[in-house]
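Q: Could you have a look at this structure, given as structure tokens, before my questions?
Numbering (the numbering used here), first residue to last: 889 to 1296.
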């Protein structure tokens, strides 16, 4: 099995118990203020050089363009794309690896897609919902008109939480190229996909021992891949050391529901799938804790200690004791592990609107990704809008609960 991360492929240990595809190359997710870059030749030269270097090495790159709000958002977006196309000698096959990411409704998604295709050529356009766009009627009409475009992704889960209760959530303001994971810019992830069909028999029954062994083996493989990867930027190398991120995506939830004869609108169906994902989450956390005991605790946990900012004395000593006790109970090696896609809630190739009732399962994910959606031609605009708005609401409800949770 060949696994890869960052810019270099590395061989991961083989295992007969491995339940799915191992890590894929994720590339670099950066951000740039279009207004500032267009006004400064040195800034633009540095940015275009970085993009050109990555594409020349066949490394996918996502560029989040900020500074696009206001009446001149459309002209600024077009101007940036034209200057970048001149610098990259675009369009061409190489620019298909370049993903353009925008946050919000400015410029309009329809206009952004047209300009991206005409000037930079065929390639992904990622649209991240924000507080203004999520309630804008015109925004959703444009996105609905683009629902058949496989290269256009709509992401609406703007937080990445941790499998460790000692670590706070992070702002997921970019899209990881290649996989569509909504994540912080220049974060370093090793990813894998696990299909429920590969963990169950023809009746949908799960072998608990084989399930635990398969996930434990997978965590070990991804840990080895993380350690062997060469991350292409200094920021990614720091993030890899600090956070040791894994993205283990569970797919086929909708197919599993059909296989088991579960009706998506019934509470028992939701409870059954929730039990499975909770078990998966516990197994992954346990294995990450085991790896931490044999190597070292995640550095981000040490840097999160509330005692670090206190002067010497009884107060600091007390906090250190409480923190060390909490680390001993819950410390892990990997900041993030389980990820889900809202589209995995639906059966393969079937966008049956009833399966949107399984969306609460997304609360169990550390992060969400938004690629490979089923055909949505049969959806009405309100179904499309309410589905994404519901996901947004789930994310913010989860974040609100996290903020008031007791961490120690």
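No residue lacks a Cβ here, since even glycine has one placed at the ideal position from N, Cα and C. All figures in this text were calculated on a predicted structure; none of them were measured in a lab.
1) Leaving out five residues before and five after residue 1179 in sequence, what residues of the same chain have Cβ atoms less than 6 Å from its Cβ?
2) On the DSSP bridge assignment, give the partners of residue 1133 in chain order.
3) Using a Cβ-Cβ cutoff of less than 7 Å, which residues in the same chain neighbour residue 1157 once the five nearest sequence positions on both sides are dropped?
4) Counting Cβ pairs closer than 8 Å, one from the region 1062–1070 and one from the region 1093–1103, do we hit at least three?
5) Figure out for me which residue from 1185, 1228, 1231 and 1223 has the closest Cα to the Cα of residue 1212.
6) If the criterion is Cβ atoms closer than 8 Å, does the pair residue 1282 and residue 1250 meet it?
7) So that I know if they touch, is there some Cβ in chain D lying closer than 8 Å to that of residue 919?
8) In chain order, what residues of the same chain have a beta carbon less than 6 Å from the beta carbon of residue 1008, not counting five sequence neighbours either side?
9) Per the DSSP calculation, residue 1059 is bridged to which residue(s)?
10) Which whole runs of the beta strand (DSSP E) in the region 907–971 are 3 residues long or more, in chain order?
11) Use the C-beta contact count for residue 1175: other C-beta atoms within 10 angstroms, 16 or more gives buried, fewer gives exposed.
12) Among the residues of its own chain, which have a CB less than 7 Å from the CB of residue 1062, if the five just before and after it don't count?
13) Tell me which same chain residues have a C-beta within less than 7 Å of the C-beta of residue 1241, skipping the five on either side of it?
14) Please state whether the Cβ-Cβ distance between residue 1076 and residue 1118 is less than 8 Å.
15) Once the 5 residues before and after residue 1099 are set aside, which same chain residues still bring their CB inside 7 Å of it?
16) Please return the same chain residues whose Cβ sits closer than 6 Å to the Cβ of residue 1127, not counting the five positions on each side in sequence.
17) I'd like to confirm the pairing. Which residues does DSSP put opposite residue 1070 in its beta bridges?
18) Buried or exposed for residue 930, going by 16 or more other Cβ atoms inside 10 Å?
19) Would you kindly work out how many angstroms separate the C-alpha atoms of residue 1021 and residue 1029, rounded to a whole number?
20) Distance check for residue 939 and residue 985, CA to CA, integer angstroms please.
21) Find out if the Cβ-Cβ distance for the pair residue 1142, residue 1232 is shorter than 8 Å.
22) Which term fits residue 1054, buried or exposed, when burial requires 16 or more other beta carbons within 10 angstroms of its beta carbon?
23) So, helix, strand or coil for residue 999, using DSSP?
24) With DSSP run on the structure shown, which of helix, strand or coil describes residue 1182?
25) Less than 8 Å between the beta carbons of residue 1040 and residue 1003, yes or no?
26) Between the region 1165–1174 and the region 1255–1262, are three or more C-beta pairs nearer than 8 Å?
27) Please classify residue 1171: does DSSP put it in a helix, a strand, or coil?
28) Note down, one range per segment and in chain order, each alpha helix (DSSP H) of at least 4 residues found wholly within the region 997–1044.
29) Whose C-beta lies closer than 6 Å to the C-beta of residue 1137 among residues of the same chain, with five residues either side of it excluded?
30) Nearest-angstrom Cα distance between residue 1043 and residue 1017?
31) Can you list, in chain order, the residues of its chain whose CB lies under 6 Å from that of residue 915, leaving out five sequence neighbours each side?
32) Counting only runs of 4+ residues fully inside the region 1226–1265, write out the alpha helix (DSSP H) ranges in chain order.
33) Between which two residues does the beta strand (DSSP E) containing residue 989 stretch?
34) Taking only three categories from DSSP, how would you classify residue 1213?
35) Using three-state DSSP, classify residue 1100 as helix, strand or coil.
36) What is the C-beta distance between residue 981 and residue 956, in whole angstroms, given that I count them as a contact (C-beta under 8 Å)?
A: Quick answer:
1) If we look at residue 1179 and ignore the five residues flanking it on each side, its Cβ neighbours are 1111 and 1221.
2) Answer is 1077.
3) Cβ neighbours of residue 1157 beyond the five flanking positions: 1145, 1150 and 1151.
4) Touching, no.
5) Looking at the Cα atoms, 1185 is the closest of the given residues.
6) Yes, the Cβ-Cβ distance between residue 1282 and residue 1250 is below 8 Å.
7) The displayed structure is made up of one protein chain only, and chain D is not part of it.
8) Around residue 1008: 969, 973, 978, 979 and 983.
9) DSSP lists 1047 as the beta-bridge partner residues of residue 1059.
10) Qualifying beta strand (DSSP E) stretches, in chain order: 916–921 and 949–954.
11) Per the 10 Å Cβ criterion, buried.
12) Cβ neighbours of residue 1062 beyond the five flanking positions: 917, 919, 950, 952, 989, 1071, 1072 and 1073.
13) Hits under 7 Å: 1267 and 1271.
14) In this structure, residue 1076 sits away from residue 1118, with a CB-CB distance that is not shorter than 8 Å.
15) Short of 7 Å from the beta carbon of residue 1099, and not among the five residues preceding or following it, lie these beta carbons of its own chain, in chain order: 1087.
16) Close CB contacts of residue 1127 within its chain, under the 6 Å cut and outside five residues either way in sequence, are with 1075 and 1076 (chain order).
17) Residue pairing by DSSP places residue 1070 opposite 1063 in a beta bridge.
18) By the neighbour-count rule (16 or more Cβ atoms within 10 Å), residue 930 is not buried but exposed.
19) Computed Cα separation, rounded: 11 Å.
20) In a straight line, the C-alpha of residue 985 is about 10 Å away from that of residue 939.
21) Result yes, Cβ atoms of residue 1142 and residue 1232 sit closer than 8 Å.
22) Counting of Cβ neighbours within 10 angstroms places residue 1054 among the buried residues, the total reaching 16 or more.
23) The answer is helix: DSSP assigns residue 999 an H, G or I state.
24) Reduced to three states, the DSSP call for residue 1182 is helix.
25) For residue 1040 and residue 1003, no; Cβs fall outside 8 Å.
26) Taking 8 Å as the limit for Cβ pairs, the verdict is that the region 1255–1262 does not touch the region 1165–1174.
27) Shown here, residue 1171 sits in a helix according to DSSP, grouped into three states.
28) Listed in chain order, the complete alpha helix (DSSP H) runs (minimum 4 residues) inside the region 997–1044 are 997–1003 and 1025–1033.
29) Once the five neighbours on either side are set aside, the close Cβ partners of residue 1137 are 1081 and 1227.
30) Whole-angstrom Cα-Cα distance: 6 Å.
31) Correct list, in chain order: 947, 948, 949, 1065 and 1066.
32) List check, alpha helix (DSSP H) in window: nothing returned.
33) Where residue 989 is concerned, the enclosing beta strand (DSSP E) stretches over 986–991.
34) In this structure, residue 1213 counts as helix in the three-state DSSP scheme.
35) In the structure shown, residue 1100 falls within a helical segment according to DSSP collapsed to helix, strand and coil.
36) Not confirmed; about 27 Å, so no contact.
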